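Notes follow the structure.
Protein chains: 2
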Amino acid sequence: MKIFDRRFFIKSAAAISTTHIATTLADTFTQISPSTLFDHKSVMHLIAPKMATVRIGFIGLGERGLSHVKHCSHIDGIEIKALCDIDQNAMNQASQYLEQQKITLPDEYSGSKLAYKDMLTRNDIDIVIISTPTEWHTPMAVDTMNSNKHAFVEVPAATSVDECWLLVDTSERTQKNCMMMESACYGQKELMVLQMVKQGLFGELKHGESTSLIELHGQQKQEANNNDSSHKKIPAHLYPTHGLGPISQYMNINRGDQFDFLTADQSTTLKRTEATQNQSKPVARDFNTTVITTKLGRTINVKHEINSQSPYTHHTVIQGTNGTFSGPPNRITLEKLPVTVNRHYQNIHQLAVKKWQENGQKGQKPDMQNQQQWNDNMAYWQEHYQHPLWQSKGAEAFQNGETHGKDFLMMWRIIYCLRNGQALDQSVYDAAALSVISPLMTDLVTENSNRKDIPDFTRGLWKNTAPISNAS
Amino acid sequence: MKIFDRRFFIKSAAAISTTHIATTLADTFTQISPSTLFDHKSVMHLIAPKMATVRIGFIGLGERGLSHVKHCSHIDGIEIKALCDIDQNAMNQASQYLEQQKITLPDEYSGSKLAYKDMLTRNDIDIVIISTPTEWHTPMAVDTMNSNKHAFVEVPAATSVDECWLLVDTSERTQKNCMMMESACYGQKELMVLQMVKQGLFGELKHGESTSLIELHGQQKQEANNNDSSHKKIPAHLYPTHGLGPISQYMNINRGDQFDFLTADQSTTLKRTEATQNQSKPVARDFNTTVITTKLGRTINVKHEINSQSPYTHHTVIQGTNGTFSGPPNRITLEKLPVTVNRHYQNIHQLAVKKWQENGQKGQKPDMQNQQQWNDNMAYWQEHYQHPLWQSKGAEAFQNGETHGKDFLMMWRIIYCLRNGQALDQSVYDAAALSVISPLMTDLVTENSNRKDIPDFTRGLWKNTAPISNAS
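Chains as they are written, first to last, in my numbering: chain A, 1 to 472; chain B, 1001 to 1472.
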């Protein structure tokens, strides 16, 4: 980065952080009075007062919202107080599920897009789980915090730099949590790799990659049938948070390191399949390649193919000074092996030597030095590095959870932290840092440019914040 | 690209192309008199007069040079006229090999770094194969062409933008070939994929990737022991040509499409292993991520980890509107399947249905629609899409060749083209386009910048040049 650029950026970032409160957003939600004077009290590691029972309101009961309702209904120490959706059918589906589970039926809010505001006037709700169309995420989260409740919001939490700052400012002003529910951070494989990262198995991290090849057919149908499809409006990666969530935990983003700037390149849009090529003209280009560089000089290569002919593929790489995880297909290589793994290799080596001896010592003697190779035995790694959360709640997650248990585990962990007076695994700074990437990509496309600085929503606090604990 | 940038670039590229001839290079090779007036007669698809016998001189008989000598000795229609190396031991090794093969011993040139110039005064040599340290590649190739011989040079052919232009200008002025010997273009898998690309199996190409994770130990030893190591001097990817060679053939670079610009990001340099961290301080950063965008709007993601803890890994991806190749681990997915492949899947489907029926129709009936998946059966793909060159010469290549036969096949193909009056598979424009990437990456590091335009060495001819034939 040139010094001039950095200075200019620091200046403009400062300008934004004092003025964005006044920014006019959709007038569908409560306007916040501009306040350039309020004290920015950090919400890093914010701990809400212990809750014996977590009282929940839901806004949005579509596919994701219903799934959250189901998961909550299997967790102890919660009460579902209210449901809100403009679609009465969706609401009925959630109610019927709760009825089957013999859970006291919550109050219902519907009838208009703003019915959620009535729900927010209640004083018997602690947290609100927001699973609505993307453009409603920030307005609803802001209203939630302003009504003295913690907000838990689907990905992405915001769709612009201004919205990200608004979430941060509101969380700091109200001292309420705003957690983006990126459940990829709670996947079994992702948490195993986090465990290995925390134990130093990969050494010092230098590079990560996240590739999303999004399945063609469903998305094209969605585009063809829905003129409001986000895929039509946003010419960038819609869900970089899925890959970036875990990688930013590995790299301690907001907690010792920070996103610095990104570069992006996009391939042109080529013809679509015959079935859809005349129906919709997508804004999104076919293949987006973004590289984020962190303040400590790590790089993260985020790749996204929106119009993919490949099966749905989500591929992650994390590389350190001692080794690499890459998958799927999942494989791990480590230069210096931990003692247990080394013993494992020694056993393999001894067996190979024995076989070589039995075969009359034909060919080269098996070499122990060749242990540095890709190991794709995930069962083995999982046996040794299963994350504590999966060790204790894995069976329950598989039994109750959809999406391979990670959504259940996320919800369980949220409720656990709130009931036990612990800080949540992810703060509003994570919501903002992860959500801002897609709008910055969009800016690059619009501006026909290739590089953009990334705001530091912690206002420098990342430097002195401890890494995420291994408990998450 | 901003219009201003492009205009500026075109102007400066033009300025370079008329003045670079006068550029002072190492004074170890013949200076070319500046000539701003000579006609730029293209060497695109240059065909040299048929040679009944190809008479060869070798400069450089180290690991690569000796390998080329061995391969040539197994090919009909050649005569090895001369060997040149400053290292008499290397020369002896080559001579001894030829003696074993009962081949007439060539003349030897040694004694000084410029002994090769004496060899070039001979009139009985048609082509010169240059396998010397990198910094000698351009000077020797230029001298070769100026002495009325065709130059075949190891990768990279040049180490700066000026050297690339010098190769192009010299080839055009002398109407002699200058082919960079990127043998990766002749690999079995690479040519199979080229065959599939040419047959349209992947549809229209949109994106490619090439990842090189270079093995740690050998390289660090090289750096520790050799102060002249290129790895010490060049802070970028030394060998992007290995991955870019095949991908640029897939994408018809110089023949219908052209490199436009590149962006690059590099991770910082982290600590090295204990064994070497005090011995050498590398210039190259740990992980370089470069994205090349082509004139037609395709992207190529070139990744390079120089200080890798992973086993040596060279990974390629090519993605089109109908599918993707990715590997290793090698796998292919295609949306619309060709008839033969479709029949293969139908057979699998029928077997699955039969099994399902035999098991009393338990569970879901196997679905033919789920055929879109990753297929890693490379034997199957190779059976159907083996490249003609591998079909006819594969057995011979495996028998005589090192590096999995690709170097032998490359050499066989070069000799074949020269003896049959065919254009070579790769021209000086390919040598320049592929070689210029590494110096441009270095410029970005030096300038602390992220974007750079890539010169068009064909001077616009790429637009009207036919794609490479499928024969290569």
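Note that the Cβ used here is the ideal one computed from N, Cα and C, for glycine as well. Computed from a predicted model, the values in this text were never measured in an experiment.
| query | result |
| --- | --- |
| Contact set between G243/A and chain B, taken where Cβ atoms lie within less than 9 Å | Chain B residues near G243/A: none, gap ~15 Å exceeds 9 Å. |
| Sequence-distant residues of the same chain with beta carbon closer than 6 Å to R1459/B, five excluded per side | none |
| Neighbour-count burial assignment, V339/A, 16 or more Cβ in a 10 Å radius | exposed |
| Same chain only: Cβ atoms within 6 Å of T273/A, ignoring 5 sequence neighbours per side | In this prediction, T273/A has a pLDDT of 44, which is less than 50 and means its spatial position is unreliable; nothing more can be read from the coordinates. |
| Buried versus exposed call for Q1188/B [16 or more other C-beta atoms within 10 Å across all chains shown] | buried |
| Local Cβ density within 10 Å of A1474/B, reported as buried at 16 or more and exposed below that | In the structure as shown, chain B starts at 1001 and stops at 1472, and residue 1474/B therefore has no counterpart that could be examined. |
| Coarse secondary structure for V153/A, derived from DSSP in three states | strand |
| Residue environment, E63/A, which counts as buried when at least 16 other CB atoms sit within 10 Å | exposed |
| The segment 123-131 of chain A in contact with the segment 64-84 of chain A per 3-pair CB rule at 8 Å | yes |
| Check whether L205/A and G320/A have beta carbons under 7 Å apart | yes |
| Contact list for F325/A against chain B, beta-carbon separation under 8 Å | Per Cβ cutoff of 8 Å: no residues; F325/A is ~10 Å from chain B at best. |
| Within-7 Å CB hit, Q335/A to chain B | Going by the sequence as given, residue 335/A is Glu instead of Gln. Judged by the 7 Å Cβ criterion, E335/A is in contact with chain B. |
| Beta-carbon gap between G421/A and I47/A smaller than 7 Å | yes |
| Alpha-carbon spacing of F1152/B relative to E209/A, whole angstroms | 37 Å |
| Residue span of the alpha helix (DSSP H) that contains K295/A, given as start and end | Run containing K295/A: none; DSSP gives neither H nor E here. |
| Whole-angstrom distance between I1253/B and S1033/B, CA atom to CA atom | With a pLDDT of only 37 at S1033/B, under 50, the local geometry of the prediction cannot be trusted, and the value read off the model is given with reservation. S1033/B and I1253/B: Cα-Cα distance of roughly 31 Å. |
| Inter-stretch contact (C-beta, 8 Å, three-pair minimum) for the segment 1083-1098 of chain B and the segment 1161-1174 of chain B | no |
| DSSP state of A1275/B mapped onto helix, strand, coil | Because A1275/B carries a pLDDT of 38, less than 50, the predicted location of this residue cannot be relied on, and no value is offered for it. |
| CB contact check: P1311/B to chain A, cutoff 7 Å | yes |
| Simplified DSSP state of Y1239/B, which is helix, strand or coil | coil |
| Best match in S1392/B, R1331/B, Q1364/B, Q1357/B for proximity to Q1373/B [C-alpha to C-alpha] | R1331/B |
| Where H40/A falls, given that 16 or more other Cβ within 10 Å makes a residue buried | exposed |
| A82/A - partner residues in DSSP beta bridges | G57/A, D107/A |
| CA-to-CA distance, I129/A to F58/A, given in whole angstroms | 5 Å |
| 7 Å Cβ cutoff, E223/A in contact with chain B | Residue placement at E223/A cannot be trusted, given a pLDDT of 48 that sits under 50; the coordinates are not used to answer. |
| DSSP bridge partner residues for Q1422/B (one or two, in chain order) | In the DSSP output, where bridge partners are listed per residue, Q1422/B has none listed. |
| C-beta contact flag for V1043/B and S1435/B at 7 Å | no |
| Test: T1293/B CB closer than 7 Å to a CB of chain A | yes |
| Pairwise C-alpha distance: Q249/A and H1045/B | 53 Å |
| Residue closest to S308/A, alpha-carbon to alpha-carbon, out of A1432/B, T1465/B, G1203/B | G1203/B |
| Proximity below 7 Å, CB of I1103/B to CB of I1415/B | no |
| Proximity winner among K463/A, S326/A, T293/A, Q101/A, relative to N400/A (alpha-carbon distances) | Q101/A |
| Residues that DSSP places opposite Q1266/B in a beta bridge | N1288/B |
| Cβ of Q1346/B within 7 Å of any chain A Cβ | no |
| Any chain B beta carbon closer than 7 Å to T134/A | no |
| Pairwise C-alpha distance: I56/A and Q391/A | 27 Å |
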